[in-house]
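Protein chains in written order, with this note's numbering: chain S, 986 to 1081; chain B, 14 to 205. We put the CB at the ideal spot given by N, CA and C, even for glycine. Remember, predicted model here, so these are calculated numbers, not experimental data. Below is one structure, written out as structure tokens; comments come after it.
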Amino acid sequence: MSQLEQYATLKSMLHSMERDLGLTELSSAEKAILSAMSTLQTALASSEYVSSRNLKSHALCADLPNPTFFRGLAGLLEKQYLVLPEGRSKGVYRLK
Amino acid sequence: MHPQLPDGLVRIILICSVYLLLFLAVRQIIYPLQQMIAPDAAQYAALIFLPHGVRVIATWLYREKAIVPLLLAHFILYRLFYWQGGDVALNIVAVLSGSLCVFITMQLFSFSRIDISLSNMTISHWRSLVFLGFISSVFNTAGNMLAMGDTMGSELHLEVIATFIIGDTLGTLVCLFILMLGFRLRRLAKAD
Chain S
986 MSQLEQYATL
996 KSMLHSMERD
1006 LGLTELSSAE
1016 KAILSAMSTL
1026 QTALASSEYV
1036 SSRNLKSHAL
1046 CADLPNPTFF
1056 RGLAGLLEKQ
1066 YLVLPEGRSK
1076 GVYRLK
Chain B
14 MHPQLPDGLV
24 RIILICSVYL
34 LLFLAVRQII
44 YPLQQMIAPD
54 AAQYAALIFL
64 PHGVRVIATW
74 LYREKAIVPL
84 LLAHFILYRL
94 FYWQGGDVAL
104 NIVAVLSGSL
114 CVFITMQLFS
124 FSRIDISLSN
134 MTISHWRSLV
144 FLGFISSVFN
154 TAGNMLAMGD
164 TMGSELHLEV
174 IATFIIGDTL
184 GTLVCLFILM
194 LGFRLRRLAK
204 AD
């Protein structure tokens, strides 16, 4: 695991703690996307991004209706949980 | 362009500095406070031992790569504050048990097919880390008791064992909580 993956792992674990303690402000769709993202990202190199298609097909997100899923993605981007590659406005994402 | 330090060196500096810092926080703040508030409760160790949280988180994240920095930091502190004249081997046992207790527990988990990595989505990871902190504390306590054996009366054994285990487990929990608040504050500050 690279430093970035370790950071993402730590962040995801701490986020689950926040969630359990009721301190998080995320919707259930956003939480599902975030959990799916941390699992998918662990398998990638530090410079790679997860595509929205891969995220949507993950078991945790597969049941989300499309509008809810994309609203969740936009919400996570706005709250700065996720980042896009430079010069892109959508399509592929990483945990910040 | 800034020259980048190798990952291994960054890891050693990070783990050692956080471990040393939290140990000093326990020694200078938590233990004196504990003595003021409840002088009779636990006279032999801190009831919140934050460095154990560093052992747990570092070993969970870095696995065997956390051993050298933990060993280094724990050896420095043990040499400075706890080293007892006499049997060097017993002191080494105490240092090794403190540094390796979490790694040994993780190996036992792995042997028993207990998966506490992030890829296991069926568990609560932070709760698993507190559990890891608790179990590993048993190994840590066993090593320390072996090292302190002759210098302590047998009537104190139970109290010291209980204090060690409570201190390590609460230390892990508080350490996770501090880290969570730190990440949360950082995120909120960035969002403003």
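Where leucine 1025 (chain S) sits in the DSSP three-state scheme: In the three-state reduction of the DSSP assignment, leucine 1025 (chain S) falls in the helix class.
Own chain partners of leucine 186 (chain B) with C-beta closer than 6 Å, once the 5 adjacent residues on each side are dropped: Result list for leucine 186 (chain B): Val143, in chain order.
Continuous beta strand (DSSP E) stretch holding leucine 1080 (chain S): start and end: For leucine 1080 (chain S), the enclosing beta strand (DSSP E) covers residues 1077 to 1080.
As assigned by DSSP and simplified to three states, the class of serine 1020 (chain S): Taken through DSSP and simplified to helix, strand or coil, serine 1020 (chain S) comes out as helix.
Selection from S:Val1068, S:Leu1008, S:Leu995, S:Lys1075 that minimises the alpha carbon distance to serine 1032 (chain S): For the residues S:Val1068, S:Leu1008, S:Leu995, S:Lys1075, the minimum Cα distance to serine 1032 (chain S) belongs to S:Val1068.
Beta carbon of tyrosine 1078 (chain S) nearer than 8 Å to that of leucine 1019 (chain S): Cβ atoms of tyrosine 1078 (chain S) and leucine 1019 (chain S): not closer than 8 Å.
Closer than 9 Å at the beta carbon, the chain S residues around phenylalanine 196 (chain B): Within chain S, the residues near phenylalanine 196 (chain B) are Leu995, Lys996, Leu999, His1000, Glu1003.
For arginine 68 (chain B), the first and last residue of its enclosing alpha helix (DSSP H): 63 to 75 is the extent of the alpha helix (DSSP H) around arginine 68 (chain B).
is_contact[arginine 134 (chain B), chain S] using C-beta, thresh 8 Å: Looking at the sequence shown, residue 134 (chain B) is not arginine but methionine. So, interface residue.
Chain S residues whose Cβ lies nearer than 7 Å to that of serine 137 (chain B): Within chain S, the residues near serine 137 (chain B) are Ser1001, Asp1005.
Cβ-based neighbour list, glycine 111 (chain B), same chain, cut-off 6 Å, excluding 5 preceding and 5 following: Scanning its chain for C-beta atoms nearer than 6 Å, with the 5 sequence neighbours on each side dropped, one finds around glycine 111 (chain B) the residues His87, Asn153, in chain order.
Neighbour list for leucine 74 (chain B) in chain S, Cβ cutoff strictly below 7 Å: For leucine 74 (chain B), the chain S residues whose Cβ falls inside 7 Å of its Cβ are Gln991, Thr994, Leu995, in order along the chain.
Buried versus exposed, by CB contacts within 10 Å (16 or more), alanine 993 (chain S): Alanine 993 (chain S) is buried by the Cβ-count criterion.
Given 8 Å, three or more beta-carbon pairs between the segment 79 to 97 of chain B and the segment 32 to 43 of chain B: Segments in contact, yes.
Endpoints, the alpha helix (DSSP H) within which tyrosine 44 (chain B) is located: Counting along the chain, tyrosine 44 (chain B) sits inside the alpha helix (DSSP H) bounded by residues 44 to 50.
Methionine 14 (chain B), DSSP secondary structure in three states: Per-residue confidence for methionine 14 (chain B) stands at a pLDDT of 47, beneath the threshold of 50, marking its modelled position as unreliable; no derived number is given.
Within-8 Å CB hit, valine 67 (chain B) to chain S: So no, valine 67 (chain B) is outside the interface.
Candidates S:Lys1041, S:Leu995, S:Lys1081, S:Ser987: closest to leucine 1062 (chain S) by CA position: Selected option, being the one with the closest Cα: S:Lys1081.
Close-in-space but distant-in-sequence residues of the same chain around valine 1035 (chain S) (CB under 8 Å, 5 per side omitted): Met1022, Leu1025, Gln1026, Leu1029, Val1077, Tyr1078, Arg1079, listed in sequence order.
Below-8 Å beta-carbon distance, aspartate 20 (chain B) vs any chain S residue: Yes, aspartate 20 (chain B) counts as interfacial toward chain S.
Assigned exposure category for tyrosine 75 (chain B) - 16 Cβ within 10 Å defines buried: Counting the other Cβ atoms within 10 Å of the Cβ of tyrosine 75 (chain B) gives 16 or more, which makes it buried.
Chain-ordered neighbours of arginine 199 (chain B) on chain S, where CB pairs are closer than 7 Å: Under the 7 Å cutoff, chain S gives no residues; its nearest Cβ is about 10 Å from arginine 199 (chain B).
Cβ neighbour criterion (16 or more within 10 Å) applied to arginine 24 (chain B): By the 10 Å Cβ count, arginine 24 (chain B) comes out buried.
Residues that DSSP places opposite leucine 201 (chain B) in a beta bridge: The bridge partners DSSP lists for leucine 201 (chain B) come to none.
Buried or exposed (CB count within 10 angstroms, at least 16 for buried), asparagine 157 (chain B): Classification for asparagine 157 (chain B): buried.
Chain B contact for leucine 1058 (chain S) (CB, 8 Å cutoff): Taking Cβ atoms only, chain B never reaches closer than 8 Å to leucine 1058 (chain S), which makes this a no.
Per-residue contacts from leucine 189 (chain B) into chain S (C-beta, under 9 Å): Neighbours of leucine 189 (chain B) on chain S, chain order: Met998, Leu999, Met1002.
Min CB distance leucine 63 (chain B) to chain S below 8 Å: For leucine 63 (chain B), the closest Cβ of chain S is not nearer than 8 Å.
Three-pair Cβ contact test at 8 Å for the segment 1044 to 1057 of chain S versus the segment 40 to 52 of chain B: Segments in contact, no.
Assigned secondary structure, leucine 1067 (chain S) (DSSP; H/G/I helix, E/B strand, else coil): Strand, per DSSP.
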